[in-house]
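Enquirer: With the first letter of the sequence shown counted as 1, position 280 gets the number 280 in UniProt numbering; the numbers rise by one all the way through. Let me give you the structure first, and then I'll get to my questions.
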Amino acid sequence: MKTTRAALLCLLTTLLISAADSTVMRLEMTHRDTLFPTSFRRIEDIIGSDQKRHSLISHKRTTTTTTNGGARLTLRSGFDYGAAQYFAEIRVGTPAKRFRVVVDTGSELTWVNCRFRGRGKTENRRVFRAEESSSFSKIGCLTQTCKVDLMNLFSLSSCPTPSTPCSYDYRYVDGSAAQGVFGKETFTIRLTNGRVARLPGVLVGCTNSFSGDSFRGADGVLGLALSDYSFTSKATNVFGGKFSYCLVDHLSNKNVSNYLIFGSASSSSSATKLNATRTTPLDLKVIPPFYAVNIIGLSLGETMLDIPTQLWDATQGGGTILDSGTSLTFLADTAYKAVVSGLERYLVGLKRVRPEGLPIEYCFDTTSGFNESKLPQLMFHFKGGARFEPHRRSYLIDAAPGVKCLGFVSAGEPATNVIGNIMQQNYLWEFDLVTSTLTFAPSTCL
């Protein structure tokens, strides 16, 4: 849905370059959603999706060789596609075909809309025809890979014949689903020096059926969660144990882009405030396959909020993750109340509104104007002393013409806290899987 209005929301690689080249892999990255069309129906849909995703994140909790350089994928906001996520362009198969995929740090499976042995949907989306790719190889249903290794990726036990491919019914934390067969395929990727490389043996889902709002405007999903079978695992094994992204403003159109980079992020960009770079430990074991950080508190301006420390303790059902697939920021109920009540004090001059069907508690009529600089600075205090100071427009969000809302959702209690993609926007985030650290800095991402 297009709109001008504001919106809520793997050495076996065959390189086509000299091994002496020092490069970094970059995928150009896009935001998947116009959260706010002319009515509040879209907001309701987005937050409903976020809430389902958060519920299943909580449910899931209970259930290196390197080479110089890296690769990059173009990364864009999904605003122009009516989507509340970010998109990257990938090239899959031989010959390589282009697909626009959701960039999801909470998903382990990479898949594309696909036809295999005549099955698959084709309408209004690009289609990967697996049997026309010389590099595609199916995974058999009798293999150890299918029966054991891929169980966490929802592989199915059905195996009518030895030649039947391993199938899946992959379920997402927002209630969306994708069904198809597993295979191994070659990805063609562009390096930071502008050259091209081929990355073979990537686990890919050939999805012939899918459902849910998560895939609006997309041809598939790029799974970036911490998993032996995710795209992250393959790419960081080849290009070094780091990946990074910089999310442009979620309201940006498709002509505005940055990159998803595998390898060290460039430190020379004038767009990033290097003197403001901060680093905090990244906990890769406590809430797998998600990327968890250790929050010790939240503050508004100079005031530290009164929030029990156990809400941030993953061993007690709390903890916090960064998730590119969730739009809003979810906080355990006590933390949520402390934040929104603290911010509301600075909005007393505005009429509070509660449009019908809008599942956000704190929205305000701003038709008479509002200077967001009057809001106190929200700070996430991380273990080790690092502080994340999101932009004010990342937590006081345009909901509709003349209406702004506090971009937080109560997650109940105990609960996993989720820092969503809107809160992350206009920051460079580098995930170092070798040192288990997260480095971040404010950036225009341009």
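Using N, Cα and C, we set each Cβ at its ideal position, and we do this for glycine too. Computed from a predicted structure; not experimentally measured.
Please report how far the alpha carbon of Asn193 lies from the alpha carbon of Thr74, in whole angstroms.
Expert: By one-based count along the sequence shown, residue 193 stands at place 193. By one-based count along the sequence shown, residue 74 stands at place 74. If I take the Cα positions, the gap works out to 14 Å.
Enquirer: Measure from the alpha carbon of Ile307 to the alpha carbon of each residue in Thr315, Ile295, Gly301, then state which is nearest.
Expert: Counting from 1 along the sequence shown, the entry for residue 307 is found at position 307. Of the listed residues, the one whose Cα sits closest to Ile307 is Ile295.
Enquirer: With a 10 Å radius around its C-beta and 16 neighbouring C-beta atoms as the bar for buried, classify Lys234 as buried or exposed.
Expert: Against the sequence shown, residue 234 aligns to sequence position 234. By the 10 Å Cβ count, Lys234 comes out buried.
Enquirer: Contact between the region 320–331 and the region 410–427 is defined here as three or more beta-carbon pairs at a separation below 8 Å; is this criterion met?
Expert: Yes, they touch.
Enquirer: Should Ser39 go down as buried or exposed, given a rule of 16 or more other Cβ atoms within 10 Å for buried?
Expert: As a position in the sequence shown, residue 39 is number 39, starting the count at 1. For Ser39, the predicted structure reports a pLDDT of 44, less than 50, and the residue's modelled location is therefore unreliable. A value from the coordinates is still provided. By the neighbour-count rule (16 or more Cβ atoms within 10 Å), Ser39 is not buried but exposed.
Enquirer: Taking the continuous beta strand (DSSP E) assigned at Leu298, which residues delimit it?
Expert: On the sequence shown, residue 298 is found 298 positions in, with the first residue counted as 1. Run containing Leu298: 295–300, per the beta strand (DSSP E) assignment.
Enquirer: Do Ala83 and Ala218 count as a contact pair if the criterion is CB distance below 8 Å?
Expert: Translated into the one-based positions of the sequence shown, residue 218 becomes position 218. Translated into the one-based positions of the sequence shown, residue 83 becomes position 83. Contact flag set, yes.
Enquirer: Please classify Thr38: does DSSP put it in a helix, a strand, or coil?
Expert: As a working mapping, residue 38 is identified with position 38 in the sequence shown. At Thr38 the pLDDT is 49, less than 50, meaning the model places this residue with poor confidence and gives no usable figure here.
Enquirer: Only counting the same chain, and skipping five residues up and downstream in sequence, which positions put a Cβ closer than 8 Å to that of Arg117?
Expert: Locating residue 117 in the sequence shown gives position 117, where the first residue counts as 1. For Arg117, where only same-chain residues beyond five positions count, the Cβ hits under 8 Å are Glu131.
Enquirer: Can you tell which of Glu185, Pro390, Pro200 has its C-alpha closest to the C-alpha of Val238?
Expert: By one-based count along the sequence shown, residue 238 stands at place 238. Per the Cα distances, Pro200.
Enquirer: Counting beta carbon pairs with one atom in the region 282–298 and one in the region 424–439, are three or more of them shorter than 8 Å?
Expert: A contact exists between the region 424–439 and the region 282–298.
Enquirer: Quick check: the region 388–405 against the region 309–326, are at least 3 beta-carbon pairs closer than 8 Å?
Expert: No: fewer than three Cβ pairs fall under 8 Å.
Enquirer: Quick check: the region 134–147 against the region 253–263, are at least 3 beta-carbon pairs closer than 8 Å?
Expert: At 8 Å Cβ cutoff, the stretches do not touch.
Enquirer: Taking one C-beta from the region 76–96 and one from the region 206–218 each time, how about it: are there three or more such pairs within less than 8 Å?
Expert: Contact holds: three or more Cβ-Cβ distances are below 8 Å.
Enquirer: Could you tell me the alpha carbon to alpha carbon distance between Glu108 and Met304, rounded to whole angstroms?
Expert: Locating residue 108 in the sequence shown gives position 108, where the first residue counts as 1. Locating residue 304 in the sequence shown gives position 304, where the first residue counts as 1. Roughly 36 Å between the two C-alpha positions.
Enquirer: Since Tyr336 is in the beta strand (DSSP E), which residue starts that stretch and which ends it?
Expert: The residue labelled residue 336 in the question sits at position 336 within the sequence shown. Counting along the chain, Tyr336 falls outside any beta strand (DSSP E), though it belongs to the alpha helix (DSSP H) covering 333–344.
Enquirer: Is DSSP giving Tyr81 helix, strand or coil here?
Expert: Walking along the sequence shown from the start, residue 81 turns up at place 81. Note: Tyr81 maps to helix in three-state DSSP.
Enquirer: Where does Phe99 land, buried or exposed, given buried means 16+ other C-beta within 10 angstroms?
Expert: One-based indexing of the sequence shown puts residue 99 at position 99. Answer is buried; the Cβ neighbour count reaches 16.
Enquirer: With H, G and I counted as helix, E and B as strand and the rest as coil, what does DSSP make of Val202?
Expert: In the sequence shown, residue 202 corresponds to position 202, counting from 1. Val202 falls in the strand class under three-state DSSP.
Enquirer: Rounded C-beta distance between Tyr259 and Arg72? I'm assuming under 8 Å.
Expert: Along the sequence shown, read from residue 1 onward, the residue named residue 259 stands at position 259. Along the sequence shown, read from residue 1 onward, the residue named residue 72 stands at position 72. The Cβ separation is near 4 Å, so the contact holds.
Enquirer: Is the beta carbon of Ser158 less than 8 Å from the beta carbon of Phe182?
Expert: The residue you call residue 158 lines up with position 158 of the sequence shown. The residue you call residue 182 lines up with position 182 of the sequence shown. Not closer than 8 Å, so no.
Enquirer: At the level of alpha carbons, what is the spacing between Val102 and Ser324?
Expert: Within the sequence shown, numbered from 1, the residue matching residue 102 stands at position 102. Within the sequence shown, numbered from 1, the residue matching residue 324 stands at position 324. Distance between the alpha carbons of Val102 and Ser324 is about 9 Å.
Enquirer: In the DSSP output, what is Ser381 paired with across the bridge?
Expert: The residue labelled residue 381 in the question sits at position 381 within the sequence shown. The residue asked about is misnamed: residue 381 is His in this sequence, not Ser. Partner(s): Gly297, Arg387.
Enquirer: Thinking just about the alpha-carbon of each residue, which of Ala335, Tyr336, Ala338, Phe370 is nearest to the one in Val348?
Expert: For the purposes of this step, residue 348 is identified with residue 348 of the sequence shown, where counting begins at 1. Looking at the Cα atoms, Phe370 is the closest of the given residues.
Enquirer: What span of residues does the alpha helix (DSSP H) with His233 cover, start to end?
Expert: For the purposes of this step, residue 233 is identified with residue 233 of the sequence shown, where counting begins at 1. The sequence given here has Ser at residue 233, not His. It spans 231–239 - the alpha helix (DSSP H) in which Ser233 sits, taken as one unbroken run.
Enquirer: DSSP state of Asn255, grouped into three classes?
Expert: In the sequence shown, counting from the first residue as 1, residue 255 sits at position 255. Three-state DSSP puts Asn255 in coil, outside helix and strand.
Enquirer: Measure how close the beta-carbons of Gly205 and Thr110 come, nearest whole angstrom, since I'm counting them as under 8 Å.
Expert: One-based indexing of the sequence shown puts residue 205 at position 205. One-based indexing of the sequence shown puts residue 110 at position 110. Yes, Gly205 and Thr110 are in contact; Cβ-Cβ is about 7 Å, under 8 Å.
Enquirer: Could you tell me how far apart the beta carbons of Asn113 and Val92 are, in whole angstroms, since I believe they sit closer than 8 Å?
Expert: Along the sequence shown, one-based indexing puts residue 113 at 113. Along the sequence shown, one-based indexing puts residue 92 at 92. Asn113 to Val92, Cβ: 11 Å. No contact.
Enquirer: On the DSSP bridge assignment, give the partners of Asn124 in chain order.
Expert: Numbered from 1 along the sequence shown, position 124 holds the residue referred to as residue 124. Note: Asn124 sits in no beta bridge, so no partner.
Enquirer: So is Arg354 buried or exposed if we call it buried at 16+ other beta carbons inside 10 Å?
Expert: Indexing the sequence shown from 1 puts residue 354 at position 354. So Arg354 ends up on the exposed side.
Enquirer: On the DSSP bridge list, what partners appear for Ser167?
Expert: By 1-based counting over the sequence shown, the position of residue 167 is 167. Beta-bridge pairing links Ser167 to Val181.
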